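Numbering (our numbering), first residue to last: -3 to 203.
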Ligand SMILES: [Zn+2]
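Put into structure tokens, the structure is as follows:
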């Protein structure tokens, strides 16, 4: 199969400066996938990801199920969730979406939506651990404990309602921005501690 790849791929080279048309790429990926030409499949995926306008979320889900493009599933599902308010209720995914994505991709959507819901519920009731700055630690265990308690207090009063909102749940991607907007000053939570904690949340990729 490698020999076929080495013949086929150079023939695509005229396209390397600009993105080939969508129909052409869909034809290439279909043929290459059928004949197990991995290089051709990867080549088509590379350019499909650069199409302007981009593929719709439901098209991505259909193609990801058909050609085993696993890294397309999560962003496409997230896109569907973001675009459809309250899409945690799957019946809000339209019949048109379903026709385009097919049963295999729909199953992947259900699984991903469940995972996102679980993330939201867990995060709503179990705040991430507070990260304490050097200034805070200088006050010893008593100071850091008090700081953590205040962090949890604010979290408990604001986050469950926002993360589990029925109409417009806070997306995990916008969680850091939301946390920065909260009034920690009135509870006297050190700015250095909350900045450290929010940075930590960003770096571990709760998004
Ligand atoms: Zn602290």
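The C-beta atom is built at its ideal place from N, Cα and C for all residues, glycine as well.
As the structure is a prediction and not an experimental result, all values here were calculated from the model.
- Message: According to DSSP, simplified to helix, strand and coil, what is residue 135?
- Response: Residue 135 falls in the coil class under three-state DSSP.
- Which one of 199, 40, 36 has the shortest CA to CA distance from residue 15? Minimum Cα distance to residue 15 is reached at 40.
- Task: Assign residue 24 to one of three DSSP states: helix, strand, or coil.
- Result: Residue 24: helix per DSSP, three-state reduction.
- Query: Can you tell me whether residue 176 is buried or exposed, with buried defined as 16 or more other CB within 10 angstroms of its CB?
  - Reply: The residue is exposed, with fewer than 16 neighbouring Cβ atoms inside 10 Å.
- Just mark residue 203 as buried or exposed, buried being the case when its beta carbon has 16 or more other beta carbons within 10 Å. Confidence in residue 203 is poor, its pLDDT being 42 and thus under 50, which makes the residue's placement too unreliable to answer from.
- So, residue 132 versus residue 188, is the Cβ gap smaller than 8 Å? In this structure, residue 132 lies near residue 188, with their beta-carbon atoms less than 8 Å apart.
- Assign residue 81 to one of two classes, buried (16 or more other C-beta atoms within 10 Å of its C-beta) or exposed (fewer than that). Low local confidence applies: a pLDDT of 48 at residue 81 is under 50, so the model's placement there is unreliable, and no value is given.
- Message: Once DSSP output is grouped into helix, strand and coil, what is the label at residue 184?
- Response: Three-state result, residue 184: coil.
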